[in-house]
Every structure is written in C-alpha cells, then in structure tokens.
Amino acid sequence: MPDSLSLGPLLLPTQALLLVVATAAALGVLNLLRDAEPSSRAGAETRLFIALAIGVLGARVGWIVQHWQGYAESPWAVLAFRDGGYTPWIGLLVGAGAVAVFVLRQSSRTAAGGEAQAAGATEGAARSLALRRRQLWIPAAVGALVLCAGQLLLSVNARLEPLPTFEVLDMAGAPARLPGAQGRPQVINLWASWCAPCRREMPALARVQAQRADVDFIYLNIGESVDEIAAFTRTLTVPLSPILRDPQGRVPAQLDVRGYPTTLILDAQGRLLHRRSGELSEASLKALLPPAR
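Under full-length UniProt numbering, the first residue of the sequence shown carries the number 1, and numbering increases by one thereafter.
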C-alpha cells in the first residue's frame, strides 16, 4: 500500500485516506439501519462526527505527549497538523471512549424520561433506546474495524528492508550513489523547487541537520537542471548540503513516490525506518529519527 495518493495538486497521506474510508463505511452502515426514524439517524450522524473529531484530536495529543521533548523546543509545532504527527491506536481508544460516553448518556436520559412516562410506554422507550444505541455503536465499530485493517496493512508494508541502490548525480555532474555509506542513519529528502511544501519544510530540516551531526542528510532534487537548483538555493536563508540530482526522476518512479516532499529515514544498516509524504515540522522529524548515540 503506498504511503500517499496524489489527487491533482493535492498529496493525500494514506493515513488520512484511511480515515475518510472508515468514516464513509460508518455512515454507510448507519444508512442501512433503515428501521430508525430520520431525526434519530441525524442525531447519530452528529455524534459519530463528534466522536471522529475527538479521536483525531486524541491521536494528535497522544503523539505530542509521546514526543514532548521535540515539541517543547518548538511549541508552535503543536499546531502543525499537516506534519503527520498522530498516534492511531490512541485515537481509536479515545474515539471509542467518546462513543461509549454517548451511549451511556442516551441510557441515562431515557431512564430519567421513563420515570415520568406511563407504564405502558416503557416498552416503546426501551425499543427506541435500543435503536439509538445500534445506530451509534454498530457504525462506530465498522469504522474502527476498517481503520484497524488499514493500519495492519500499513504495518505489514513497513517492514525493515534495505533501500535499493540508485545512481544519481551531484551538482558537478559526477555520479553518486544512494543511499550513502552505511554505518550512520540517513535522511533522504526528495524535493523540487516548484513544490511549496518542500520550500516550507527546508528550514526545519536544516535546523535538525545542524543539531544531529550523527545523521547524514541528503537533499535529492527531482527532475530539475543545475541552473534551476542553483537559482533556487540562492533564495534560501539556510544552506542545503549535500544536494544530489535525479534529473530523469528514476528514484521516485522505482519507489512509487506519488508527491513531494517525501522523506526517507534509514537506520545505520541502510534499512528504511520511516517514509513520510508531505511537509514535516522540526518536532515531527526529530520524533522519527533514531536516538542519538
């Protein structure tokens, strides 16, 4: 399964796509429960979306708590929601907790209302409560199963495997090889000067590079000439080095890269630890790097 999908100019991470598919599955199941009244179905939809939002927020907070040191150094990065910093299993637990709270609140409200009703209406109230419960927990369970299945596929694809060797060029036109020499972790950033997220994340990459002398950073330009790259680097406020070139775009073709920026993080044995499509913040990049030795 690719780590991202390209929709025109938009780069959609697979994690976000999984969330969209899971939400669609939950709403589809809710729509199939046709024995419910339209008004109660609308209420269930609202609660599902609220639980989804709470789950996403929980996944974000969980990631920040796990990697608090990086975010403590740059607190504003907490708001960089595009940096991919989410912990899915925490989000699932928090979202499930929100669904459980909604179900319990429905039960307590129905019980309180039932005390004021005639005895003959008790059976109808119980049926209504059962319908409302099903409308909430069954779609939520289906959505959670879709998310779990997707995460399982992603984890299977994320096995530690050596990155293939690629022949690229340096800025002088001399041949170079990727990945570099083994023995040190490496960060390989695939970028292009026309890519706005690439330009935005470069200062963050340069700052982390300056702080982590034990990690080799490589900036691999895709599809541009030496003159285009040189003209672009002159506009930067931070130095990028070393810059390598893949003028034919062979590396992204072989690695099934769908958009830029894409960052590859390798361990000291040249095995792929992480692959992130989209803009990284300084804090999220630090969280992905192996611990300093």
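Beta carbons: idealized from backbone N, C-alpha and C, even for Gly. Keep in mind that this is a model prediction, so the values were computed, not measured.
Measuring CA to CA, which of the options is closest to residue i?
i, options, result
"Y260", "P164, G249, A268", "G249"
"R60", "L48, A80, A51, R47", "A80"
"G150", "P239, T262, W63, A25", "A25"
"W89", "L19, S74, L104", "L19"
"A176", "A22, L48, Q15, V251", "V251"
"Q15", "L154, Q211, A181, A231", "L154"
"F166", "T235, Q254, R133, W191", "Q254"
"D216", "R258, L236, R134, G180", "G180"
"L57", "T23, V21, T87", "T87"
"V94", "E45, W63, A72", "W63"
"G188", "A44, S277, V21, A231", "This sequence places Ile at residue 188; Gly is not what is there. Nearest C-alpha to I188: S277."
"A196", "L104, E45, T262", "T262"
"R199", "Q66, T235, N31", "T235"
"W191", "Q211, A210, T23, V257", "V257"
"N31", "P75, R132, W68", "R132"
CB-CB under 7 Å to residue i, same chain, minus the five flanking residues each way: which ones, in chain order?
i, result
"K286", "G70, V208"
"L240", "M202, A206, Y219, T233"
"V142", "A25, A26, V29"
"V99", "A51, L136, W137, A140"
"G120", "Here the model assigns G120 a pLDDT of 49, short of 50, so the residue's position is not dependable, and the following value carries that caveat. Correct list: empty, nothing qualifies."
"D267", "P185, L273, P290"
"P164", "Q254"
"A116", "Residue placement at A116 is flagged as unreliable, the pLDDT there being 46, under the threshold of 50; a coordinate-derived value is accordingly withheld."
"R134", "L33"
Excluding sequence positions up to five away, which residues of its chain have a Cβ less than 8 Å from the Cβ of residue i?
i, result
"D214", "R184, P185, A292, R293"
"I229", "M171, S193, N221, I243, R245"
"P162", "Q269, G270, R271, L272"
"V226", "M171, G173, R245"
"P247", "L169, G223, E224, S225"
"R47", "V99, F102, L136"
"A118", "Because the pLDDT of A118 is 46, which lies under 50, any placement of that residue in the model is unreliable, and the number read from its coordinates should be weighed accordingly. Correct list: empty, nothing qualifies."
"A144", "A22, L92, G95, A96"
What residue range does the beta strand (DSSP E) around residue i cover?
i, result
"D246", "243-246"
"Y219", "216-222"
"W68", "It is not in any beta strand (DSSP E) - W68 instead sits in the alpha helix (DSSP H) that spans 68-73."
"T87", "Looking at the DSSP string, T87 is not in any beta strand (DSSP E), and its letter there is neither H nor E."
"S277", "272-277"
"D170", "166-170"
"T177", "Per the sequence shown, residue 177 should be read as Arg rather than Thr. 175-178 is the span of the beta strand (DSSP E), which, as asked, contains R177."
"L240", "Note, L240: premise wrong, no beta strand (DSSP E); not H, not E."
"L266", "262-266"
"V187", "186-191"
Output needed for residue i: all residues of its chain with C-beta closer than 6 Å, excluding positions within five of it in sequence on either side, in chain order.
i, result
"L288", "I265, H274"
"L169", "R245"
"D83", "L280, S281, S284"
"T238", "Rather than Thr, the amino acid found at residue 238 in this sequence is Val. Closer than 6 Å at the Cβ level, and outside the excluded window around V238, lie P203, A206."
"C148", "none"
"L178", "F166, V168"
"G85", "W63, S284"
Along the chain, where does the alpha helix (DSSP H) that runs through residue i open and close?
i, result
"R199", "196-211"
"G79", "Rather than Gly, the amino acid found at residue 79 in this sequence is Leu. Looking at the DSSP string, L79 is not in any alpha helix (DSSP H), and its letter there is neither H nor E."
"V226", "226-233"
"V29", "14-32"
So, is the C-beta of residue i closer than 8 Å to a C-beta in chain D?
i, result
"L17", "The structure shown contains no chain D; it holds only a single protein chain."
Cβ contact (3+ pairs, closer than 8 Å) linking the stretch 199-207 and the stretch 270-284: yes
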